[in-house]
Amino acid sequence: MKAAYINQTGLAENIRYGELPTPKPSPTQCLVKVGAVSLNPVDTYIRSGMVQMPLPFPFIVGCDLAGTVVEAGSDVKRFQTGDRVWGTNQGLLGRQGTFAEFCAVDECWLYSTPDGVGDEQASAIALVGITAHLGLVRDAKLQRGETIFVNGGSGGVGSTVVQMAKAIGARVITTAGSDKKVERCRSLGADHAINYQTQSVETELKKIAPAGVNVWWETLREPNFDLAVASLAARGRMIVMAGREARPPFPVGPFYVKGCSLHGFAMFMATAEEQRPCAEDINRWLVEGKLKANIDRVMPLSQAAAAHRLQEESTIGKSGALSGKVVLKP
Ligand SMILES: NC(=O)c1ccc[n+]([C@@H]2O[C@H](COP(=O)([O-])OP(=O)(O)OC[C@H]3O[C@@H](n4cnc5c(N)ncnc54)[C@H](OP(=O)(O)O)[C@@H]3O)[C@@H](O)[C@H]2O)c1
16 MKAAYINQTG LAENIRYGEL PTPKPSPTQC LVKVGAVSLN PVDTYIRSGM VQMPLPFPFI
76 VGCDLAGTVV EAGSDVKRFQ TGDRVWGTNQ GLLGRQGTFA EFCAVDECWL YSTPDGVGDE
136 QASAIALVGI TAHLGLVRDA KLQRGETIFV NGGSGGVGST VVQMAKAIGA RVITTAGSDK
196 KVERCRSLGA DHAINYQTQS VETELKKIAP AGVNVWWETL REPNFDLAVA SLAARGRMIV
256 MAGREARPPF PVGPFYVKGC SLHGFAMFMA TAEEQRPCAE DINRWLVEGK LKANIDRVMP
316 LSQAAAAHRL QEESTIGKSG ALSGKVVLKP
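According to the working numbering, the residues represented by the sequence shown are 16 to 345, in order.
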């Protein structure tokens, strides 16, 4: 089969596109014919070696996939040949990745793709969807009628958090780096979208939510805790989920006096049992039209190296080149 893989960590150019043996599914795995995969910043950290994981070389990059089961292992219970599925959590913790024509995936990491939802959509919502759900429902316990601020609403995670928070029934305030991206955030359902390049987020937040926000979702790798804590309402919850090297100052006094809480998590550390209910809600919201993957572009899988470069320029280099997800198709 054709696959995008590396023989050692390093630059995006290390990614080769060529022939590798088609994997054989174990008794608990399904062999999935891949229809589409999507790219996440963590794929680039693993490929570069910035995030160290055990890698089975040649290592196929990528976490997310959607496609069709072409073979089900003897112990697989939930799927059979011909079922359409999506999933994430591959290419992590020693597992092979998804950027290939076929992928052997443990059934615990796969979910049915609803009728009417294409592979591009399903793959692009996978990791970001589970992440948004874990943070909003399990950790922040966002309630209908509450106000949430999402810092970075046009990105892969942010655009999903915006839509999910609306689906839960919250009032959503978000930021983006251009007027076009601000408009995009509004079209995703944000009640208020602030252009962080031309407006003061602090001033706008005071106007929009004078009593503070109940939840602050930070997608930036270097959070401004002074602003975030000052903007939280009493008993506010803050989510952090990016920036392993970040060591920003933290305003302990204002934080504890207001009874706030801070939640950090990495989605791939959540168990399959924790992730399954997230996938069920995601599927329901996809079908109801309340959730749609925010796809910036679709590229051929053969351009995986160029896609990785683009993603790291955008997420780490803050070039603003992307507005959402890159999807690749074999
Ligand atoms: N912990 C986890 O489980 C987990 C899961 C998924 C992702 N992550 C991490 O979360 C981060 C975001 O991931 P992603 O996939 O959403 O990346 P992304 O698609 O590249 O989004 C990055 C976002 O940051 C925004 N941004 C940049 N500078 C900003 C500023 N000064 N103020 C406000 N927003 C700003 C961008 O907005 P504009 O383009 O509008 O400027 C964009 O929306 C990455 O670091 C990723 O590694 C963690």
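Even for Gly, the Cβ is constructed at its ideal location relative to N, Cα and C.
- Between N309 and K340, the C-beta spacing is below 9 Å.
- Fewer than three beta-carbon pairs drawn from the stretch 328-338 and the stretch 23-41 are found closer than 8 Å, and the two stretches are therefore not classed as touching.
- Here Y211 is buried, its C-beta having at least 16 other C-beta atoms within 10 Å.
- Checking the 8 Å criterion, the Cβ of L108 is out of range of every heavy atom belonging to ligand 1.
- Proximity of the stretch 149-159 to the stretch 188-201 falls short of the contact definition, fewer than three beta-carbon pairs being nearer than 8 Å.
- With a cutoff of 9 Å on beta-carbon distance, A27 and V52 are scored as not near each other.
- The count of Cβ pairs closer than 8 Å, one atom from the stretch 89-98 and one from the stretch 109-120, stays below three, leaving the stretches out of contact.
- Counting only unbroken stretches of 4 or more residues, the alpha helix (DSSP H) elements lying wholly within the stretch 235-300 are 240-246, 267-272, in sequence order.
- In this chain, the beta strand (DSSP E) harbouring L80 covers 80-87.
- Exclusion of the five residues before and after G227 leaves S246, L247, A248, G251 as the residues of its chain whose Cβ lies within less than 7 Å of its Cβ.
- With contacts defined as CB atoms closer than 9 Å, P73 and G109 fail to qualify as a contacting pair.
- Sixteen is the threshold: since fewer than 16 other Cβ atoms of the shown chains lie within 10 Å of the Cβ of S215, the residue is exposed.
- In this chain, the beta strand (DSSP E) harbouring M314 covers 310-315.
- Between T234 and A208 a beta carbon distance of about 14 Å is seen, past the 8 Å cut, so the two are scored as non-contacting.
- Beta-bridge annotation (DSSP): V100 is paired with G82, S127.
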